[in-house]
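To keep things clear, I will list the structure first and then write my remarks on it.
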Amino acid sequence: METEDRRILIIDDEPSICAGCRMTLADNGYVSDACSTGRSGLKALLSGRYQLVLLDMKLPDMDGMDILQKVKDSGIDLCVIVMTGYASVKNAVDAMKLGTFDYLSKPFSDDELLNAVALAVENRRFKEAHMAVRRQPATRRDFGNIIGENPRILQIFDDIRKVAPTDTTVLLCGESGTGKELFARELYAHSHRSDRPFMAVDCSTFSSSLLESELFGHTKGAFTGAVQDKEGIFSAAGNGTLFLDEVANLNMDIQAKLLRALETHEFKPVGASRLKKADVRFIAATNRDLKTMVREGRFREDLFYRLNVFPIIIPPLRERRDDIPRLLYHFLRQTCRQTGKRVDGFSDESLEILVNDDWPGNVRQLKNVVARLVIIADSPVLECQHLSDHWEAGPEPVRDEVPDSLDALKAAKQNLLDVQFGEIEKAFLKKALSEAGGNITRAARRVGMQRSNFSTLMKKHGLNSAAGPSSDRI
Ligand SMILES: Nc1ncnc2c1ncn2[C@@H]1O[C@H](COP(=O)(O)OP(=O)(O)OP(=O)(O)O)[C@@H](O)[C@H]1O
Ligand SMILES: [Mg+2]
Numbered sequence: 001m002e003t004e005d006r007r008i009l010i011i012d013d014e015p016s017i018c019a020g021c022r023m024t025l026a027d028n029g030y031v032s033d034a035c036s037t038g039r040s041g042l043k044a045l046l047s048g049r050y051q052l053v054l055l056d057m058k059l060p061d062m063d064g065m066d067i068l069q070k071v072k073d074s075g076i077d078l079c080v081i082v083m084t085g086y087a088s089v090k091n092a093v094d095a096m097k098l099g100t101f102d103y104l105s106k107p108f109s110d111d112e113l114l115n116a117v118a119l120a121v122e123n124r125r126f127k128e129a130h131m132a133v134r135r136q137p138a139t140r141r142d143f144g145n146i147i148g149e150n151p152r153i154l155q156i157f158d159d160i161r162k163v164a165p166t167d168t169t170v171l172l173c174g175e176s177g178t179g180k181e182l183f184a185r186e187l188y189a190h191s192h193r194s195d196r197p198f199m200a201v202d203c204s205t206f207s208s209s210l211l212e213s214e215l216f217g218h219t220k221g222a223f224t225g226a227v228q229d230k231e232g233i234f235s236a237a238g239n240g241t242l243f244l245d246e247v248a249n250l251n252m253d254i255q256a257k258l259l260r261a262l263e264t265h266e267f268k269p270v271g272a273s274r275l276k277k278a279d280v281r282f283i284a285a286t287n288r289d290l291k292t293m294v295r296e297g298r299f300r301e302d303l304f305y306r307l308n309v310f311p312i313i314i315p316p317l318r319e320r321r322d323d324i325p326r327l328l329y330h331f332l333r334q335t336c337r338q339t340g341k342r343v344d345g346f347s348d349e350s351l352e353i354l355v356n357d358d359w360p361g362n363v364r365q366l367k368n369v370v371a372r373l374v375i376i377a378d379s380p381v382l383e384c385q386h387l388s389d390h391w392e393a394g395p396e397p398v399r400d401e402v403p404d405s406l407d408a409l410k411a412a413k414q415n416l417l418d419v420q421f422g423e424i425e426k427a428f429l430k431k432a433l434s435e436a437g438g439n440i441t442r443a444a445r446r447v448g449m450q451r452s453n454f455s456t457l458m459k460k461h462g463l464n465s466a467a468g469p470s471s472d473r474i
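Residue numbers (UniProt numbering): 1 to 474.
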């Protein structure tokens with residue numbers, strides 16, 4: 001999406017200008033194409049794929065002004081930067097009337113080019129952001145990444161539309177695998193900060209002292225190993241969005257520091273004497289009941305209220321069974337695309353079993369089950385017997401279709417590795433956890449891994465810190 005909304009067309013008959021611009025743009029994360037004639041340029045613009053054009057006004061076969069006029073007549077909304085060797089005032093005024101955004105007079109430096117492009121992109125985003133606000137309320141189509149038509153999910157879409165453009169802190173609550181992170185990203189995508197960074201911090205991954213310096217940064221010499229100043233996530237997030245995942249896992253000390261950041265937008269890098277300012281928008285997520293934790297004295301009440309300004313409760317899958325068939329088919333198609341395998345659907349009986357299951361691991365579990373069923377399927381329709389055979393089974397020999405190209409062969413190999421290795425990896429984590437009585441630090445030490453890496457792997461497999469037998473069964 002990022003690259004798509006930065007797609008730029010360069011129309012210039014001088015190959016060196018096209019090549020130079022493309023290189024500079026590519027180095028700065030922009031995607032561009034080039035056309036050397038007016039006619040081919042116009043055709044490309046009329047395809048509607050470009051948001052910004054760098055246009056030479058003097059082309060061998062067409063006048064730049066004619067191109068602008070034709071694009072305008074076609075109703076395509078385009079941002080134009082005119083490049084010209086001999087900008088006349090008359091030309092400039094005419095071009096402005098046709099929607100030109102900026103001028104670059106040749107020869108121009110890389111910096112001039114990048115400044116003009118950055119300004120145009122900002123301007124365009126600005127316009128689009130306002131159009132998006134005006135378009136509300138939209139259909140659920142603007143939540144294309146999230147499958148769900150259940151009234152409670154539609155209500156969440158509505159809530160997100162309302163709260164996203166504000167800077168209000170949002171707390172996403174829901175069981176593991178319900179899609180908290182997915183909703184958080186969608187909230188961010190609908191916000192005015194969508195062109196700024198989205199930084200996700202898993203509060204359970206770091207030890208408390210590490211988390212503090214990760215979040216707030218540290219000064220040189222603040223602790224052993226702090227050989228130089230380090231910027232924390234707060235600074236790096238710029239004017240962006242900070243997603244505090246698993247916020248229930250913060251210890252009391254960090255909770256106090258986070259509270260200050262939420263209240264005053266101020267924070268202190270470890271070892272620093274002065275406070276710093278950060279303009280970040282907070283989204284937090286938890287699968288624990290924070291209110292109970294407050295009652296038990298394990299979570300600060302004031303922080304809870306600061307986070308809980310706009311709670312969004314994502315219901316577990318068993319409370320929105322009408323979405324299960326949609327999700328099953330969504331992940332079926334997704335896995336088919338990824339594996340190149342053809343499976344058309346589920347038999348009525350198997351669908352009934354799947355819809356009536358309680359899905360303790362929620363959407364994540366469902367996604368894993370479908371991926372597994374598709375991979376082991378040997379008929380176009382998934383039957384009950386496939387479910388009973390493979391629902392809770394361990395690694396299975398995979399009988400896949402014979403690949404018919406090198407790419408398909410590689411995909412099949414990768415897929416086999418992912419699936420089978422994934423099973424082994426998960427069993428390995430569970431074993432280590434259970435032998436360490438559920439203590440992540442001890443489990444990681446036992447198997448010779450860094451705690452943070454161990455914890456990241458647990459997350460990948462949807463395992464709880466409680467111990468191995470997490471909610472999901474696959
Ligand atoms: N409604 C949905 N539509 C499509 N995919 C979904 C939906 N909900 C969840 N998923 C997918 O399920 C997986 C789990 O979602 P996610 O990681 O957002 O859950 P979570 O609530 O953050 O889980 P945890 O508490 O374990 O971190 C992801 O692959 C996500 O893309
Ligand atoms: Mg999550």
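Backbone N, C-alpha and C define an ideal beta-carbon position, used for all residues, glycine too. Keep in mind the model is a prediction, meaning the values are calculated, not measured.
Straight-line gap, Y188 to D63 (C-alpha atoms, nearest Å): Taking the first residue of the sequence shown as 1, we reach residue 188 at position 188. Taking the first residue of the sequence shown as 1, we reach residue 63 at position 63. Roughly 42 Å separates the two Cα atoms.
Rounded C-alpha distance that separates S105 from D195: Counting from 1 along the sequence shown, the entry for residue 105 is found at position 105. Counting from 1 along the sequence shown, the entry for residue 195 is found at position 195. If you take the alpha carbons of S105 and D195, they lie about 28 Å apart.
Inter-residue CB distance, A116 and I81 (contact presumed, cutoff 8 Å): By one-based count along the sequence shown, residue 116 stands at place 116. By one-based count along the sequence shown, residue 81 stands at place 81. Your pair A116 and I81 checks out as a contact, with CB atoms roughly 5 Å apart and the cut at 8 Å.
F157 - containing beta strand (DSSP E), residue span: Along the sequence shown, read from residue 1 onward, the residue named residue 157 stands at position 157. Where F157 is concerned, there is no enclosing beta strand (DSSP E), although the alpha helix (DSSP H) it sits in stretches over 151–163.
Residues that P311 bridges to, as DSSP identifies them: Reading the sequence shown from its first residue, position 311 is the one you call residue 311. Partner(s): L171.
I147, DSSP secondary structure in three states: Here the question's residue 147 lines up with position 147 in the sequence shown. Note: I147 maps to coil in three-state DSSP.
Ligand 1 heavy atom lying under 8 Å from the CB of F183: For this step, residue 183 is matched to residue 183 along the sequence shown. Yes - ligand 1 has a heavy atom lying nearer than 8 Å to the Cβ of F183.
8 Å CB neighbourhood of L463 in its chain, flanking five on each side removed: Position 463 of the sequence shown, counting from 1, holds the residue named residue 463. The residues are K426, L429, K430, L433, S470.
Nearest to A436 (by Cα), restricted to the options I424, R451, K220: For the purposes of this step, residue 436 is taken as residue 436 along the sequence shown, with counting starting at 1. Residue R451 is the option with its Cα nearest to A436.
Test item: CB-CB of P311 and E175 under 9 Å: On the sequence shown, residue 311 is found 311 positions in, with the first residue counted as 1. On the sequence shown, residue 175 is found 175 positions in, with the first residue counted as 1. Contact: no.
Euclidean distance between Cα positions of L244 and L54: Sequence index remark: in the sequence shown, residue 244 carries index 244 (1-based). Sequence index remark: in the sequence shown, residue 54 carries index 54 (1-based). L244 and L54: Cα-Cα distance of roughly 40 Å.
beta-carbon K180 near ligand 1 non-hydrogen atom, thresh 8 Å: For the purposes of this step, residue 180 is taken as the residue at position 180 of the sequence shown. True, at least one ligand heavy atom lies under 8 Å from that Cβ.
Closer than 8 Å: S176 CB and nearest ligand 4 heavy atom: Looking for ligand 4 in the displayed structure turns up nothing; the ligands present are ligand 1 and ligand 2.
Paired residues, beta bridge with F304 - DSSP: Position 304 of the sequence shown holds residue 304. None, per the DSSP bridge assignment.
Where M83 sits in the DSSP three-state scheme: Sequence index remark: in the sequence shown, residue 83 carries index 83 (1-based). Correct three-state label for M83: strand.
Nearest to residue 496 (by Cα), restricted to the options S32, G232, F421, A200: Here the chain covers residues 1 to 474 and nothing more, so residue 496 does not appear.
Simplified DSSP state of F234, which is helix, strand or coil: As a first step, residue 234 is located in the sequence shown; it is residue number 234 there, counting from the start. F234: helix per DSSP, three-state reduction.
Cβ-Cβ distance between A120 and C79 below 9 Å: As a first step, residue 120 must be located in the sequence shown, where it is residue number 120. As a first step, residue 79 must be located in the sequence shown, where it is residue number 79. Yes, these two residues count as a Cβ contact at 9 Å.
At least 3 beta-carbon pairs within less than 8 Å: the segment 154–171 vs the segment 200–215: no
Cβ-Cβ distance between D323 and I147 below 9 Å: By 1-based counting over the sequence shown, the position of residue 323 is 323. By 1-based counting over the sequence shown, the position of residue 147 is 147. Taking 9 Å as the cut-off, the Cβ atoms of D323 and I147 count as close.
Length-filtered (3 minimum) beta strand (DSSP E) runs lying within the segment 194–246: 198–202, 241–245
Unbroken alpha helix (DSSP H) run spanning G37, endpoints: Within the sequence shown, residue 37 is the residue found at index 37, counting from 1. Sequence check: residue 37 is Thr here, not Gly. Per DSSP, T37 belongs to no alpha helix (DSSP H) and is neither H nor E.
V89 (DSSP reduced to helix, strand or coil): For this step, residue 89 is matched to residue 89 along the sequence shown. Residue confidence for V89 is low, a pLDDT of 47 falling below 50, so the modelled location carries little weight and cannot support an answer.
Rounded C-alpha distance that separates M131 from D77: Here the question's residue 131 lines up with position 131 in the sequence shown. Here the question's residue 77 lines up with position 77 in the sequence shown. Residue placement at M131 cannot be trusted, given a pLDDT of 46 that sits under 50; the coordinates are not used to answer.
heavy atom of ligand 1 below 8 Å from D159 C-beta: Start at 1 with the first residue of the sequence shown, and residue 159 comes out as number 159. No, the Cβ of D159 stays beyond 8 Å of every heavy atom of ligand 1.
L327 CB to nearest heavy atom of ligand 1 below 8 Å: Indexing the sequence shown from 1 puts residue 327 at position 327. L327 Cβ: within cutoff of ligand 1.
CB-CB length for R295 against E263, believed under 8 Å: For the purposes of this step, residue 295 is identified with residue 295 of the sequence shown, where counting begins at 1. For the purposes of this step, residue 263 is identified with residue 263 of the sequence shown, where counting begins at 1. Actually they do not touch by this definition, with Cβ atoms about 22 Å apart.
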